[in-house]
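Engineer: Residue numbers 14 to 535, in our numbering, belong to the letters of the sequence shown in order. Using N, Cα and C, we set each Cβ at its ideal position, and we do this for glycine too.
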Amino acid sequence: MGGGVMRVVKTFIDTMRITFIRRMGCSLFVLIFLGCTHLNPPTERKPSQVSGPQLMDPKNNTEYNVLFTDPLCRRYSYTKPFSSRSGRSLGSKPKNIYCRNKFDLATSGNRPESPQYQLVKLVESKDTREIIFTYLSFRNKAVRTALCERLKSNDPIRVTFVMSSSEDTAAAEEVIACNPKYAQFKTRGLEGDLGYAHNKIFVALQKPIDIDQSNWMSQVGPGERITIVFSSGNMTSGPVLHHENWHFITTDAGTHFAKIHMCVLQSEWNDNTGRTRNAYMKAIRDCRQNLVQQGLLQEQDVRAFFVPGEGQNQYENMSLLDNGSEGESASNYMAYGDGYHPGIRNADKIWIGAHRFFYARMLKELKKRMLSSKKPEMRIILDDDTYYKATDPNFSAGDTDPGEWYNAEELMQNGAQVRLMETNDEEHQLHHSKYLLFFKGNEPKGLLCGAANLTGSGFTKNWENIYYVTVPHILDEFKNHYEKFWVEAIPSDKISFESKATPVELLPQRGSVSDVLDQEGE
14 MGGGVMRVVK TFIDTMRITF IRRMGCSLFV LIFLGCTHLN PPTERKPSQV
64 SGPQLMDPKN NTEYNVLFTD PLCRRYSYTK PFSSRSGRSL GSKPKNIYCR
114 NKFDLATSGN RPESPQYQLV KLVESKDTRE IIFTYLSFRN KAVRTALCER
164 LKSNDPIRVT FVMSSSEDTA AAEEVIACNP KYAQFKTRGL EGDLGYAHNK
214 IFVALQKPID IDQSNWMSQV GPGERITIVF SSGNMTSGPV LHHENWHFIT
264 TDAGTHFAKI HMCVLQSEWN DNTGRTRNAY MKAIRDCRQN LVQQGLLQEQ
314 DVRAFFVPGE GQNQYENMSL LDNGSEGESA SNYMAYGDGY HPGIRNADKI
364 WIGAHRFFYA RMLKELKKRM LSSKKPEMRI ILDDDTYYKA TDPNFSAGDT
414 DPGEWYNAEE LMQNGAQVRL METNDEEHQL HHSKYLLFFK GNEPKGLLCG
464 AANLTGSGFT KNWENIYYVT VPHILDEFKN HYEKFWVEAI PSDKISFESK
514 ATPVELLPQR GSVSDVLDQE GE
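This is the structure:
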C-alpha cells in the first residue's frame with residue numbers, strides 16, 4: 014500500500030518536473046525552494062542530450078558537400094598608381110577578388126566546383142522531377158535558363174517557388190512563361206509583422222508532388238532521395254560572383270531534415286500560413302511536433318532552425334531542451350553550442366565571416382569572451398564596404414552600416430583580429446558569407462551558418478534558415494577555406510595582392526576605386 018502511494022507520488026513529481034522544464038525552464042525543486050526565475054542556459058549539456066539521430070548515419074546514405082563561390086576574376090589595373098594608407102604604391106585591384114560581371118561571370122560559373130554549375134546540373138538531371146525553392150531574389154541567368162529549357166523540353170519538370178515581395182519579378186515571370194502549366198510562383202514577406210522572405214532553400218525531388226494537397230510532407234518518404242541546397246547566397250550573383258557558401262545535401266526523404274524543409278516550403282506557399290508571423294511560426298512548430306510524435310527526431314549533426322520562432326525566442330534564457338521544439342534556438346546554439354560541440358561561450362577559437370555585423374546578442378557574447386581571462390583566438394573577415402562606410406563620408410555603396418565597423422573596432426581593441434575582403438560595389442559584388450566557426454584546441458568542432466545575416470532581423474523577424482553543423486569534413490572545408498582567405502601574401506617589392514583579405518592599412522585611401530579602373534588585366 015505504502016509502496017503504491019510512493020510510486021504515484023513519484024510519478025506525479027516526475028510529470029510536474031518535465032512540464033516545468035519544458036514550459037518554464039525551472040525545475041520543480043527550484044520552483045518550490047528558490048522561486049521560478051529565468052535560468053541562464055548551461056555552458057554544457059550532458060553527452061546523452063547530444064546523442065541521437067544523425068543525418069550522416071549510413072542508413073540515410075547522405076551525401077553532403079559544401080561549395081564556395083571563390084570567383085575567378087581578372088586583375089584590373091588602375092589608370093595610374095596611387096598610394097595605400099601605408100604609403101605603398103598600388104597598381105591594380107587583386108586578381109580573383111574584384112569581379113565585373115561582363116568579363117568574369119562565364120569563367121567563374123562554368124567550373125564544376127561552382128555552385129551555379131551544380132545547381133544547373135541538378136535542374137538538368139533526368140532524376141529530377143520537381144524543383145521547389147525560396148529566395149529573397151531570383152535573377153540568376155544560368156539557373157533560369159536551365160529551368161526554362163527543362164520546362165520547354167519533352168520531359169518537363171514541375172517548378173514551384175517563392176521570392177520576396179520586395180524584389181523584381183521579371184526573371185520569375187520569364188520562367189513561368191516557359192510553361193505555365195508546370196511552373197508557378199508567389200511573392201511573400203513584408204506583410205503585417207513579417208520581415209523579408211529571406212530563406213535560401215533549393216529542393217530537387219525525384220517525383221512530382223501535388224502542391225494543392227494539404228500536406229507536402231506526407232508526399233515524400235523513406236527510400237526516396239531528396240536533394241536540399243541551403244546557402245548564404247541569393248539566386249542572383251550568389252552562386253557565382255559573390256563570396257558565398259552553398260551546401261548540397263542528398264539524403265533519404267524520410268528523415269526529419271528532409272520533412273521539416275518540406276514543411277517550411279509549404280508554410281511559405283500556403284496563403285493561410287505564409288502571410289502572418291504567428292501563423293508561419295505555428296505551422297513550423299506543429300510540423301516539428303508531428304514529426305516527433307511519429308518518432309522522427311531532429312538530427313543532431315545538422316540542426317535546422319527557422320526564423321521567426323527558432324532564431325531567438327521567449328525561451329532564450331532557458332536551459333536547452335532536447336525535444337526539438339520549445340527552448341531551442343539558433344541564438345542559443347551560437348552562444349553555447351550543444352554541450353559537446355562549442356559555441357561562443359566555450360570555443361578556444363572563433364572564426365567569423367560576415368556580410369552584416371550587427372546582431373546584439375552575438376556582439377554581447379563576443380565582447381564577454383574578449384574581456385574574459387581566457388580569450389579565444391578571434392578572427393573576423395568583413396566586406397571592405399563596411400570599412401569605407403565608416404571612414405569615407407562620400408561612400409554610399411553596399412548594404413552595410415558604419416556601426417558595423419565600429420562593432421568590429423571595439424572587438425579589435427580587446428584583441429580580435431579583423432581583415433577585409435575587397436569587393437566591387439559597382440557590380441554589387443559582395444562578401445556575403447555569414448558564419449561562425451568554433452574550435453576546441455586547433456580542431457573545428459561546430460559551425461553556425463545559413464541564410465541569416467548577423468543582425469537582429471536575421472534572428473527574430475525575417476524568414477530565415479539557420480544551421481548548426483558538426484559534420485567533420487564540412488568543418489574541415491570551412492577551416493581550410495578560411496585559412497586560404499586569411500593568409501597575407503604581399504611581396505615587399507610588388508603589391509600583387511594575391512591574398513583575398515587585405516589588411517586595413519593596405520586599403521586604398523579613397524572609398525570606391527571603380528572610377529579609376531581603366532582596363533581588364535590578365
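1) In whole angstroms, what is the alpha-carbon distance linking Tyr349 and Phe451?
2) Exposed or buried, which one is Ser96 when buried takes at least 16 other CB atoms within 10 Å?
3) For a test of the three-state rule: what should DSSP assign to Gln197, helix, strand or coil?
4) Would the beta-carbon of Phe151 fall within 8 Å of that of Ala185?
5) Buried or exposed for Lys134, going by 16 or more other Cβ atoms inside 10 Å?
6) Please name the residue or residues paired with Cys462 in a DSSP beta bridge.
7) Going along the chain, which residues of its own chain have a beta-carbon closer than 8 Å to the beta-carbon of Asp489, five neighbours each way excluded?
8) Tell me, please, whether the region 293 to 300 touches the region 269 to 280 by the rule of three or more beta-carbon pairs shorter than 8 Å.
9) Could you check whether the region 228 to 240 touches the region 105 to 124, counting it as contact only if at least three pairs of C-beta atoms, one from each stretch, sit closer than 8 Å?
10) Should Cys112 be listed as close to the ligand FAD, given that the test is whether its C-beta is under 7 Å from any heavy atom?
11) What three-state label does DSSP hand Leu334 in the structure shown?
12) Within its chain, find whatever has a CB closer than 6 Å to the CB of Val482; leave out the 5 residues flanking it on each side and keep chain order.
13) Which of the three DSSP states is assigned to Gly469 in this structure?
14) Since Gly366 is in the beta strand (DSSP E), which residue starts that stretch and which ends it?
15) Would Val79 and Trp259 qualify as a contact pair, given that the criterion is a beta-carbon distance under 8 Å?
16) I'd like the span of the beta strand (DSSP E) that includes Gly104, first residue to last.
17) Can you look up His269 in the DSSP assignment and give me helix, strand or coil?
18) How would you write the range of the beta strand (DSSP E) that Asn78 sits in, first residue to last?
19) Quick one, which of Leu103, Gly416 and Leu85 has its alpha-carbon nearest Lys93's?
20) Inspect the beta-carbon positions of Glu417 and Thr399 and report whether they are closer than 8 Å.
21) Contact between the region 422 to 438 and the region 210 to 223: three or more CB pairs below 8 Å?
22) Could you have a look at Ser512 and say whether DSSP puts it in helix, strand or coil?
23) Which ranges does the alpha helix (DSSP H) cover as unbroken runs of at least 4 residues, wholly within the region 166 to 198, from first to last along the chain?
24) Exposed or buried, which one is Gly11 when buried takes at least 16 other CB atoms within 10 Å?
25) Starting from Met391, follow the beta strand (DSSP E) in both directions and report where the run begins and ends.
26) Any contact between the region 439 to 446 and the region 354 to 361? By contact I mean 3 or more CB pairs, one from each, below 8 Å.
27) When DSSP labels each residue in this structure, what does Asn345 get in the three-state scheme?
28) Leaving out five residues before and five after Gly469 in sequence, what residues of the same chain have Cβ atoms less than 8 Å from its Cβ?
29) Please work out which residues of its chain come closer than 7 Å, Cβ to Cβ, to Met347, disregarding the five sequence neighbours upstream and downstream, and give them in chain order.
30) How far does the beta strand (DSSP E) with Gln302 in it reach, from first residue to last?
31) Report all residues from its chain with a CB closer than 8 Å to the CB of Gly324; omit the five preceding and five following residues, and keep chain order.
32) Shortest alpha-carbon distance to Ala217 belongs to which of Gln313, Asn247 and Leu160?
33) Just list the residues that DSSP pairs Val315 with in beta bridges.
34) Across which residues does DSSP place Leu450 in a beta bridge pair?
35) Would you mind listing the alpha helix (DSSP H) stretches within the region 116 to 162 that are 4+ residues and don't spill past its ends, in chain order?
36) Determine the extent of the beta strand (DSSP E) in which Lys377 is found, giving its start and end residues.
Structural biologist: Inspection of the coordinates gives the following:
1) By 1-based counting over the sequence shown, the position of residue 349 is 336. By 1-based counting over the sequence shown, the position of residue 451 is 438. Roughly 10 Å separates the two Cα atoms.
2) Within the sequence shown, the letter at position 83 stands for residue 96. Ser96 is exposed by the Cβ-count criterion.
3) Locating residue 197 in the sequence shown gives position 184, where the first residue counts as 1. Strand, per DSSP.
4) Position 138 of the sequence shown, counted from the first residue, corresponds to residue 151. Position 172 of the sequence shown, counted from the first residue, corresponds to residue 185. Yes, they are a contact pair.
5) Start at 1 with the first residue of the sequence shown, and residue 134 comes out as number 121. Exposed, because fewer than 16 other Cβ atoms sit within 10 Å of the Cβ of Lys134.
6) Position 449 of the sequence shown, counted from the first residue, corresponds to residue 462. Answer is Tyr480.
7) Mapped onto the sequence shown, residue 489 falls at position 476. Cβ within range, chain order: Pro457.
8) yes
9) no
10) Summarising the ligand content, the structure contains no ligands, and the ligand FAD is consequently not present.
11) For the purposes of this step, residue 334 is identified with residue 321 of the sequence shown, where counting begins at 1. Interpretation of Leu334 is limited by its pLDDT of 41, a score under 50 that renders its predicted location unreliable; no figure is taken from the coordinates.
12) Numbered from its first residue, the sequence shown carries residue 482 at position 469. Result list for Val482: Val315 and Leu460, in chain order.
13) Your numbering for residue 469 matches position 456 in the sequence shown. Here Gly469 sits in helix by DSSP.
14) In the sequence shown, residue 366 corresponds to position 353, counting from 1. Start and end: Lys362 to Ala367.
15) Within the sequence shown, residue 79 is the residue found at index 66, counting from 1. Within the sequence shown, residue 259 is the residue found at index 246, counting from 1. Yes, they are a contact pair.
16) Taking the sequence shown and counting its residues from 1, the one referred to as residue 104 is at position 91. Ser102 to Ser105 is the extent of the beta strand (DSSP E) around Gly104.
17) For the purposes of this step, residue 269 is taken as the residue at position 256 of the sequence shown. His269: helix per DSSP, three-state reduction.
18) Counting from one through the sequence shown, the residue named residue 78 turns up at place 65. Where Asn78 is concerned, the enclosing beta strand (DSSP E) stretches over Glu76 to Phe81.
19) Position 80 of the sequence shown, counted from the start, is the residue given in the question as residue 93. Out of Leu103, Gly416 and Leu85, Leu103 has the C-alpha closest to the C-alpha of Lys93.
20) In the sequence shown, residue 417 corresponds to position 404, counting from 1. In the sequence shown, residue 399 corresponds to position 386, counting from 1. Contact: yes.
21) no
22) For the purposes of this step, residue 512 is identified with residue 499 of the sequence shown, where counting begins at 1. Reliability of the predicted coordinates at Ser512 is poor, the pLDDT of 46 falling under 50, and the value obtained from them is presented with this limitation in mind. Here Ser512 sits in coil by DSSP.
23) 183 to 191
24) Absent from the structure is residue 11, since the part of the chain shown begins at 14 and ends at 535.
25) Position 378 of the sequence shown, counted from the first residue, corresponds to residue 391. Met391 -> beta strand (DSSP E) spans Glu390 to Asp396.
26) no
27) Locating residue 345 in the sequence shown gives position 332, counting from the first residue. Here Asn345 sits in helix by DSSP.
28) Along the sequence shown, read from residue 1 onward, the residue named residue 469 stands at position 456. Taken in chain order, the residues that qualify are Phe371, Tyr372 and Ala373.
29) As a first step, residue 347 must be located in the sequence shown, where it is residue number 334. So the qualifying residues of the chain are Gly356, Ile357, Met375, Leu449 and Leu461.
30) Along the sequence shown, read from residue 1 onward, the residue named residue 302 stands at position 289. First-last for Gln302: Arg290 to Gln306, but that is the alpha helix (DSSP H), not the beta strand (DSSP E).
31) Here residue 324 corresponds to residue number 311 of the sequence shown, with the count starting at 1. Answer for Gly324: Phe318, Ser342, Ala343, Ser344, Ala465, Gly471, Phe472, Thr473, Glu477 and Ile479, listed in chain order.
32) Locating residue 217 in the sequence shown gives position 204, counting from the first residue. The candidate whose alpha carbon is nearest that of Ala217 is Leu160.
33) Taking the sequence shown and counting its residues from 1, one reaches residue 315 at position 302. In DSSP, Val315 forms a bridge with Val482.
34) Looking up residue 450 in the sequence shown gives position 437. BP columns for Leu450 point to Trp364 and Leu460.
35) 128 to 137
36) Your numbering for residue 377 matches position 364 in the sequence shown. Unbroken run through Lys377 is the alpha helix (DSSP H), Ala373 to Met383; no beta strand (DSSP E).
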